[in-house]
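Structure record follows, encoded as structure tokens.
Take a look at the structure:
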């Protein structure tokens with residue numbers, strides 16, 4: 167009965183997915199309740215901020231610059247047809263601040279810092295460091311997981327803002343310095359269309375939500391990884407795939423709430 | 026506990042991130058043009074607001090003097106009631122014209138104030154009596170075609 171077997175396999179997978187979601191939710195709850203230590207010993211969070219935030223700075227800054235340059239070139243090509251090159255500033259700034267900044271920075275963060283978190287925690291588990299901590303009555307959630315969680319949440323909005331700022335700079339270099347769009351109208355059109363609360367703060371809020379999603383997925387995958395070499399590598403892959411999908415899905419939902427043409 | 030090299034890098038990262046948000050707010054966004062000074066509220070009725078939106082700018086002689094706060098339909102007159110806040114530094118005569126204008130050919134719409142010659146100034150909560158609605162391109166074409174047709178006879 168091959169049909170019954172495959173049906174059973176599908177059902178087993180579905181139950182497994184629901185089971186893991188429930189475990190992940192409890193994991194997030196326990197992380198939050200064990201966060202007291204990372205606030206008292208903030209040095210732990212600072213150390214993780216270095217690992218996830220500072221080490222991601224270069225990739226985020228360079229990627230933002232390139233994206234801004236491409237936006238400047240492509241936007242100019244299209245706007246030129248309608249004789250509205252002066253709107254280049256608004257196009258570059260709005261697309262970066264609202265969408266590309268938070269989303270691309272989060273995708274890069276997931277592959278740069280998220281995968282590293284999963285691999286690190288997975289290896290800690292495989293080499294029984296986590297078990298050793300529990301033996302010494304040190305909660306691994308408070309000592310290992312919570313500092314990384316807070317560091318990820320703090321660094322994500324900052325990285326997204328740096329991405330957007332670098333992108334605007336890249337658009338400025340291409341549009342104004344190289345192509346020769348009027349500098350005054352570039353900035354004034356930008357300032358006329360980009361609203362602080364509606365565009366910039368919503369972008370920051372987006373990147374905050376993405377930060378929570380990426381860090382929780384990365385930490386949970388590492389914590390739940392089978393303690394073998396194969397298990398850790400599989401968990402790292404799942405972190406990148408799942409957090410990328412989660413970022414894009416959350417972006418659809420958040421965009422629908424924030425910018426529905428009101 | 027001592028200061029470490031790590032703290033310096035993390036500090037630089039946090040400073041860079043906050044600086045990026047400030048740059049976005051001031052240079053890219055419109056936070057620098059938000060009115061921190063005191064404002065007063067005035068209103069105006071328009072037969073058609075066209076594409077005017079809340080937060081659209083109110084300008085006089087091209088200078089930003091205020092912002093549109095709300096646009097509602099006045100159900101007694103069946104006209105659009107537009108309320109706006111204007112910077113306290115600027116006073117306008119009671120016979121000021123409020124016109125809905127468009128910046129550029131495809132730009133966004135704003136309210137242009139054309140001061141009249143009266144001595145008396147409009148108080149807070151007052152209303153611009155003389156308004157000119159947004160130009161609706163279909164009506165313009167309709168009028169043009171009507172004129173052509175009647176002129177040909």
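Chains as they are written, first to last, in this note's numbering: chain A, 167 to 428; chain B, 26 to 178.
Here a beta-carbon is modelled for each residue, glycine too, at the ideal position from N, C-alpha and C.
Taking CB atoms only, residue 357 (chain A) has a neighbour in chain B less than 8 angstroms away. By the beta-carbon neighbour count (other beta carbons within 10 angstroms, threshold 16), residue 297 (chain A) is exposed. Fully enclosed alpha helix (DSSP H) runs of no fewer than 4 residues occupy 295–301 of the segment 282–325 of chain A, in order along the chain. Here residue 387 (chain A) is buried: its Cβ has 16 or more other Cβ atoms, across all protein chains shown, within 10 Å. Neighbours of residue 273 (chain A) in chain B, taken as residues whose beta carbon is under 9 angstroms from its own, are absent, since the nearest beta carbon is some 18 angstroms off. Taking C-beta separations shorter than 6 angstroms and ignoring five residues to either side along the sequence, the partners of residue 89 (chain B) in its chain run 82, following chain order. In this structure, DSSP gives residue 106 (chain B) an extended state, which the three-state scheme calls strand. Taking a Cβ-Cβ threshold of 7 angstroms, the residues of chain B close to residue 213 (chain A) are 31, in chain order. When B:148, B:124, B:164 and B:149 are compared, the shortest CA-CA separation from residue 158 (chain B) is found for B:124. Taking 8 angstroms as the cut-off, the beta carbon of residue 245 (chain A) is found closer than this to the beta carbon of residue 253 (chain A).
Interface flag for residue 98 (chain B) against chain A is unset, since no Cβ pair is found closer than 8 angstroms.
Cβ atoms of residue 355 (chain A) and residue 256 (chain A) come within 8 angstroms of each other, at about 5 angstroms.
Your pair residue 268 (chain A) and residue 410 (chain A) does not check out as a contact, with CB atoms roughly 14 angstroms apart and the cut at 8 angstroms. Residues of the segment 217–250 of chain A with a Cβ closer than 8 angstroms to any Cβ of chain B, in chain order: 219, 220, 223, 248 and 250. Under DSSP, residue 118 (chain B) takes part in a beta bridge, and its partners are B:146. A Cβ-Cβ separation of about 5 angstroms places residue 365 (chain A) in contact with residue 263 (chain A) under the 8 angstroms criterion. Listed by position along chain A, the residues whose Cβ is nearer than 8 angstroms to that of residue 127 (chain B) form an empty set, because the closest Cβ is around 13 angstroms away. Runs of the beta strand (DSSP E) lying entirely within the segment 204–268 of chain A and spanning at least 3 residues: none are present. The segment 98–112 of chain B makes no contact with the segment 40–50 of chain B; the number of CB pairs closer than 8 angstroms stays below 3. Segment contact: the segment 410–423 of chain A against the segment 177–193 of chain A, fewer than three CB-CB distances shorter than 8 angstroms; contact not assigned. Rounded to whole angstroms, the Cβ separation of residue 319 (chain A) and residue 369 (chain A) is 16 angstroms, and the two are not in contact under 8 angstroms. No residue range can be given for residue 344 (chain A), since it is assigned to no beta strand (DSSP E) and is classified by DSSP as neither H nor E. A contact between stretches requires three or more CB pairs, one per stretch, nearer than 8 angstroms, and the segment 198–214 of chain A fails this requirement with the segment 416–428 of chain A.
Annotation for residue 273 (chain A): 410 and 413 place their beta carbon closer than 7 angstroms to its own, counting only its chain and skipping 5 residues before and after. Under the three-state reduction of DSSP, residue 200 (chain A) is assigned to coil, being neither helix nor strand.
Interface residue (Cβ-Cβ distance to chain B less than 8 angstroms): residue 328 (chain A) is classified as such. Setting aside the 5 residues that flank it on each side, residue 210 (chain A) is surrounded in the same chain by 204 and 313, each with a C-beta closer than 6 angstroms to its C-beta; the list follows chain order.
Note that the segment 284–302 of chain A does not touch the segment 167–181 of chain A; fewer than 3 beta-carbon pairs, one per stretch, sit closer than 8 angstroms.
In the structure shown, the three-state DSSP call for residue 128 (chain B) is coil. No Cβ of chain A is located within less than 8 angstroms of the beta carbon of residue 77 (chain B).
The beta-bridge partner set that DSSP reports for residue 156 (chain B) consists of B:123. Under the Cβ distance rule, residue 347 (chain A) does not count among the residues neighbouring chain B, no pair being separated by less than 8 angstroms.
Between the segment 35–44 of chain B and the segment 61–72 of chain B, the count of C-beta pairs closer than 8 angstroms stays below three; the two stretches do not touch. The Cβ atoms of residue 341 (chain A) and residue 248 (chain A) lie no closer than 8 angstroms to each other.
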